[in-house]
Amino acid sequence: MARDDVVNLSRRRFLQAGLAAGAGLTLGVYVPRLGAEALSGLRSPGTAARGPETFAPNAFVRIDPDDTVTVIAKHLEMGQGTYTGLATLIAEELDAAWEQVRVEGAPANVNLYNNLLWGKLQGTGGSTAIANAYTQMRRAGAAAREMLVEAAAREWNVSPATIRVRDGVVRHAPSGREARFGALVERAAEQEVPVEPFLKDPEEFRLIGTHLPRKDGKEKTDGSALYTQDVRLEGMLTAVVARPPRFGARPRAFDASEARRIEGVTDVVRIPTGVAVLGKDFWSASRGRDALVVEWDESGAETRGSDELMRHYKELAKGPGAVARADGDAEAGLAGAAKTVEAELEFPYLAHAAMEPLNCVVRLANGGCEIWNGEQFQTPDQNAVAALLGLEPDQVKINMLYAGGSFGRRANPHSDYVVEAASIAKAIDGRAPVKMLWTREDDMRAGYYRPMYFHRLRGGLDAEGNPVAWQHRIVGQSIMTGTLMEANAVKEGVDNTSVEGAANMPYAVPNVGVDLHSPKVGVPVQWWRSVGSTHTAFAVETFIDELAEAAGRDPVEFRRGLLKNHPRRLGVLELAAEKAGWGDSLPAGRGRGIAVHESFNSFVAEVAEVTVRDDDSFSVDRVVIAVDCGVAVNPDMIKAQMEGG
871 MARDDVVNLS
881 RRRFLQAGLA
891 AGAGLTLGVY
901 VPRLGAEALS
911 GLRSPGTAAR
921 GPETFAPNAF
931 VRIDPDDTVT
941 VIAKHLEMGQ
951 GTYTGLATLI
961 AEELDAAWEQ
971 VRVEGAPANV
981 NLYNNLLWGK
991 LQGTGGSTAI
1001 ANAYTQMRRA
1011 GAAAREMLVE
1021 AAAREWNVSP
1031 ATIRVRDGVV
1041 RHAPSGREAR
1051 FGALVERAAE
1061 QEVPVEPFLK
1071 DPEEFRLIGT
1081 HLPRKDGKEK
1091 TDGSALYTQD
1101 VRLEGMLTAV
1111 VARPPRFGAR
1121 PRAFDASEAR
1131 RIEGVTDVVR
1141 IPTGVAVLGK
1151 DFWSASRGRD
1161 ALVVEWDESG
1171 AETRGSDELM
1181 RHYKELAKGP
1191 GAVARADGDA
1201 EAGLAGAAKT
1211 VEAELEFPYL
1221 AHAAMEPLNC
1231 VVRLANGGCE
1241 IWNGEQFQTP
1251 DQNAVAALLG
1261 LEPDQVKINM
1271 LYAGGSFGRR
1281 ANPHSDYVVE
1291 AASIAKAIDG
1301 RAPVKMLWTR
1311 EDDMRAGYYR
1321 PMYFHRLRGG
1331 LDAEGNPVAW
1341 QHRIVGQSIM
1351 TGTLMEANAV
1361 KEGVDNTSVE
1371 GAANMPYAVP
1381 NVGVDLHSPK
1391 VGVPVQWWRS
1401 VGSTHTAFAV
1411 ETFIDELAEA
1421 AGRDPVEFRR
1431 GLLKNHPRRL
1441 GVLELAAEKA
1451 GWGDSLPAGR
1461 GRGIAVHESF
1471 NSFVAEVAEV
1481 TVRDDDSFSV
1491 DRVVIAVDCG
1501 VAVNPDMIKA
1511 QMEGG
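Counting with the working numbering, you get residues 871 to 1515 for the letters of the sequence shown.
Dropping the structure here:
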C-alpha cells in the first residue's frame, strides 16, 4: 500500500498486507505431518533459499540485516499472550536473544497459515493457538538456526558441528570467531532449508517455561500498538448502524432527512442488518444515527423475553431430549437408589463485552477488497466477504491487527460484523474506505450471545452413599446449527458444544444419562469463552457437591474415590487441596469449596475460601488454583488466564 494510505506513519508497519521486501532471510519451513501442504506454495523442501522476495509473505520467521528477528504469527493476539507464546517457540529453537525478537500478524492465507487442528481453516480459538503451532513454530526456528550455522561454517571453512548458537550470536569457539544473525543472512539465504531440522530436548530449553516479558507489553503501554480504531486511510468515512429493536426485525422504511442535515453526514444507506449512517467522523455519524427515523418490520422478529423462554425451556426439560450419553440405565438406577438428589440451574444469555467493541475497516479498490481488523476468523470472513462482493477469496486481503479482547466474539460463524462493514462499503459503491464502529450499546444489545441454558440434574446414592445414577438434561440453543461447522459438530440432534463438560462427565457412576433439547429461538448466539464449559462445569461440580453432602462425605474425598481412572484430574485435585490446607480449621463464618474440570485438554482444580456474614453478604478471601495444561510455554500467561477468569 502507498505511504499516503495511512496518516499515522509511525504505525505504518502494522498495516502492511505482506512482509517487507528487502535484504534479509525469510523462511517458510517444511513440516512433515504438521501442515506441509500449507507451505507447498512456498517451495519444495530441500531447495535453496535464494532471496527474501522468494518467500515473502509465506513464512513464519524473518531475519533482517539489522539483526531483528520477526516472527509472523498466524494467530490473533487479543490479550491472551499468543504473540509472546509463538515468538517463544521460534526464539527457543533459533537461540535468539529475546530482545531481538518482534512479532507481526500474518495475512489471511489459508494455504499458508491454517490452524493445524482445524484443517483447511485459518483462525484463532478453542485454546488451539499454541497447541497446533507448538512443533510447527519450533521447526521454523530450528531450520533458521541450522541455515545460519551452515552459512557460518562455509564462511569460516569449519565443520557445522563445531559451531554453537546462543542469544543471537553464532560462535566457533576453537577459532574465537563469531557473528550475529544479521551478518549471516545473505549467505544463509543461499542454504537449503532442512527437511527435518533438529529440535532441542526439553531439558535444554532456555526460554520455554520461563517468565519472559510479553512482546506486546511495551506497545500497549506507550500507545503505539495498532488496533482497528487507530487505522486512518485517505478519504475514509466512519459508519454506525441503526439496529432493530428486536432480533430478526428488518428496516421497512426510513426517513433520513434530519440525519442528512447533520454536519459531516455524507450518506445514509440501507443494509441487511439495518440502516447505516456514514460521516466524516464518529461524532457526525453518531448524531446522524440519532436523528434517523426508521420503521421496522417485526413480522419475523423474536418477541419472547428471557422469562418466557425459560418457562418454555423448563417445559421441554420435562421430557427426554436427544441422547448425548447413555451408560447403563440412569432411570432404573434412580428408581432403585436409596437416596435421590435433584437440582435445577438457570444460566442467562451472556454478552462477550470485550474491552474493544466491534469495528472493521474496509476498502474496495482495484477490483478487490482490503480489510483491517482484529481478525480472529480469517478463512470464514474472507469467504463471506468474497461471496458478498462477487470476488474470489484471494481478492479479499485481510490485515490482522491487535484486538482488545474477544472471548470468541470476533470469530463469528456468520462473519456478521465483517460482512456488515463490507456491505456498507458496497452500498456506497466503494467510493471511500469505511470504518464501521459498534458502540458499547450496540455491542451489548445487538448480539451475538452465549446461549441461555436450563439444566435439570438427578442423582442417586446407594445405602453406603456411593453414586449409582446420574441423569443430566440440558436445554439451550445450538450454536453450531446453521454454521459451516454443523456437519461435524451436530450429530443425531446433539450439538457437542452444548454438552461438552457434561457428556464427558468424569466421575465413576455406573448409570449415566445426558440428553439435550436445542429449541429454535430468534436470539443470535455463538460460542463464548470455553464454550460448553461456561455452563456445564458449574452444573456438574455443584451437583457432585450436592451428592457428597447427601452422602455425608467430604467433597475432596468423594471426588477422589470417583476419579481413579482420571489421573490428571486427580492430580490437580490433590495438589489444590494440599496447597489450600484442605481440612484445616477455619474461623467461624468462613468455609472452603472445591471444583475440578477439564476444558480443551487443560485440567484445573480450584479451592475458594469464602466468608459468609450474618446478613448473607459474602466475600471470596482466597483462591488456590492447580493447573495441568501440559507444557507451560510461559507461566505468566497461564497465571494471567487463571487470575483473569
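All C-beta atoms in this analysis are idealised placements derived from N, C-alpha and C, irrespective of residue type, glycine included. This one's a predicted model, so the numbers in the text were calculated from it and none came from an experiment.
Straight-line Cα distance separating residue j from residue i
{"i": "Val-1111", "j": "Glu-1513", "result": "36 Å"}
{"i": "Pro-1030", "j": "Ala-1043", "result": "12 Å"}
{"i": "Ile-933", "j": "Pro-1263", "result": "30 Å"}
{"i": "Pro-902", "j": "Pro-1067", "result": "At Pro-902 the pLDDT is 33, less than 50, meaning the model places this residue with poor confidence and gives no usable figure here."}
{"i": "Thr-1249", "j": "Ala-978", "result": "7 Å"}
{"i": "Val-1364", "j": "Arg-1174", "result": "24 Å"}
{"i": "Glu-1479", "j": "Gly-1158", "result": "52 Å"}
{"i": "Val-1501", "j": "Gly-1079", "result": "7 Å"}
{"i": "Gly-898", "j": "Ser-1487", "result": "Confidence is the limiting factor: at Gly-898 the pLDDT is only 49, short of 50, which leaves the residue's position unreliable and the question unanswerable from this model."}
{"i": "Gly-975", "j": "Asn-1269", "result": "8 Å"}
{"i": "Arg-1439", "j": "Leu-1331", "result": "23 Å"}
{"i": "Arg-1399", "j": "Glu-1133", "result": "41 Å"}
{"i": "Ser-1489", "j": "Leu-1258", "result": "51 Å"}
{"i": "Ile-1508", "j": "Arg-1328", "result": "35 Å"}
{"i": "Glu-1290", "j": "Ala-1171", "result": "19 Å"}
{"i": "Ala-1022", "j": "Arg-1008", "result": "21 Å"}
{"i": "Leu-986", "j": "Asn-1002", "result": "5 Å"}
{"i": "Ala-1192", "j": "Pro-1389", "result": "12 Å"}
{"i": "Cys-1230", "j": "Pro-1114", "result": "20 Å"}
{"i": "Gly-1024", "j": "Val-1063", "result": "The sequence given here has Arg at residue 1024, not Gly. Near 15 Å, if we compare the C-alpha coordinates of Val-1063 and Arg-1024."}
{"i": "Glu-1476", "j": "Phe-1428", "result": "16 Å"}
{"i": "Ile-1495", "j": "Val-1474", "result": "7 Å"}
{"i": "Gly-1451", "j": "Gly-1459", "result": "17 Å"}
{"i": "Val-1288", "j": "Pro-1337", "result": "49 Å"}
{"i": "Ser-1045", "j": "Glu-1448", "result": "54 Å"}
Inter-residue CB distance, residue i and residue j (contact presumed, cutoff 8 Å)
{"i": "Gln-1006", "j": "Ala-1200", "result": "That pair is no contact at about 43 Å."}
{"i": "Ile-1344", "j": "His-1325", "result": "6 Å"}
{"i": "Arg-1246", "j": "Gly-995", "result": "The displayed chain sequence assigns Gln, not Arg, to residue 1246. The Cβ separation is near 7 Å, so the contact holds."}
{"i": "Tyr-983", "j": "Gln-992", "result": "5 Å"}
{"i": "Arg-1195", "j": "Val-1384", "result": "4 Å"}
{"i": "Thr-1108", "j": "Leu-1148", "result": "7 Å"}
{"i": "Trp-1026", "j": "Arg-1047", "result": "5 Å"}
{"i": "Thr-954", "j": "Leu-1082", "result": "7 Å"}
{"i": "Ala-1372", "j": "Ala-1409", "result": "7 Å"}
Selection from the options that minimises the alpha carbon distance to residue i
{"i": "Val-1442", "options": "Arg-1462, Val-1501, Gln-992, Val-1497", "result": "Val-1497"}
{"i": "Gly-1431", "options": "Met-1314, Gly-1335, Ala-1446", "result": "Gly-1335"}
{"i": "Val-1304", "options": "Arg-1310, Ser-1293, Met-1314", "result": "Ser-1293"}
{"i": "Asp-1167", "options": "Tyr-1318, Leu-1234, Gln-1099, Arg-1116", "result": "Arg-1116"}
{"i": "Phe-1051", "options": "Gln-1099, Leu-1148, Arg-1034, Trp-988", "result": "Arg-1034"}
{"i": "Lys-1085", "options": "Gly-1352, Gly-951, Pro-1190", "result": "Gly-951"}
{"i": "Ala-1407", "options": "Ala-1095, Glu-1468, Val-1494", "result": "Glu-1468"}
{"i": "Pro-1283", "options": "Ala-1224, Met-1355, Arg-1320, Gly-1275", "result": "Met-1355"}
{"i": "Ala-1302", "options": "Leu-1103, Ile-960, Thr-938, Gly-1515", "result": "Leu-1103"}
{"i": "Ala-943", "options": "Arg-972, Ala-1409, Asp-937, Leu-964", "result": "Arg-972"}
{"i": "Arg-1315", "options": "Gly-1170, Glu-1448, His-1222", "result": "His-1222"}
{"i": "Lys-1088", "options": "Ala-1447, Pro-1505, Val-1410, Glu-969", "result": "Glu-969"}
{"i": "Arg-1310", "options": "Pro-1380, Lys-1296, Glu-1226", "result": "Glu-1226"}
{"i": "Ala-1010", "options": "Val-1039, Thr-998, Glu-963", "result": "Glu-963"}
{"i": "Asp-1100", "options": "Gly-1244, Glu-1165, Ala-1187", "result": "Gly-1244"}
{"i": "Pro-1457", "options": "Asp-1160, Thr-958, Asp-1491, Leu-1386", "result": "Asp-1491"}
{"i": "Val-1382", "options": "Val-931, Val-1145, Leu-1204", "result": "Leu-1204"}
{"i": "Ala-1013", "options": "Val-1039, Phe-930, Phe-1152", "result": "Phe-930"}
{"i": "Val-1482", "options": "Arg-1462, Phe-1470, Lys-1361, Ser-1472", "result": "Arg-1462"}
{"i": "Gly-1206", "options": "Val-1503, Ala-957, Pro-1380", "result": "Pro-1380"}
{"i": "Pro-1072", "options": "Glu-1416, Gly-1300, Val-1503", "result": "Val-1503"}
Bridge partner(s) assigned by DSSP for residue i
{"i": "Asn-1381", "result": "Ala-1339"}
{"i": "Cys-1239", "result": "Leu-1234, Val-1266"}
{"i": "Phe-1124", "result": "Val-1164"}
{"i": "Thr-940", "result": "Arg-932, Arg-972"}
{"i": "Asn-1229", "result": "Leu-1307"}
{"i": "Ile-1464", "result": "Val-1477"}
{"i": "Phe-1324", "result": "Glu-1216, Val-1345"}
{"i": "Leu-1445", "result": "Paired residues: none, contrary to the question."}
Residue i: CB within 7 Å of a non-hydrogen atom of the ligand FAD
{"i": "Asp-1177", "result": "This structure simply doesn't include the ligand FAD, nor any ligand for that matter."}
Chain D within 8 Å of residue i, Cβ atoms only
{"i": "Lys-1305", "result": "Within the model displayed, chain D is absent; a lone protein chain is all it includes."}
- Task: Would you check if there are 3 or more beta carbon pairs closer than 8 Å linking the region 1140-1153 to the region 1115-1124?
- Result: yes
- Item | Validate contact between the region 1203-1218 and the region 1405-1424 using beta carbons, cut 8 Å, 3 pairs | yes
- Is there contact between the region 1046-1062 and the region 1016-1023, where contact requires at least three CB pairs shorter than 8 Å? yes
- Between the region 1169-1186 and the region 1306-1320, are three or more C-beta pairs nearer than 8 Å? no
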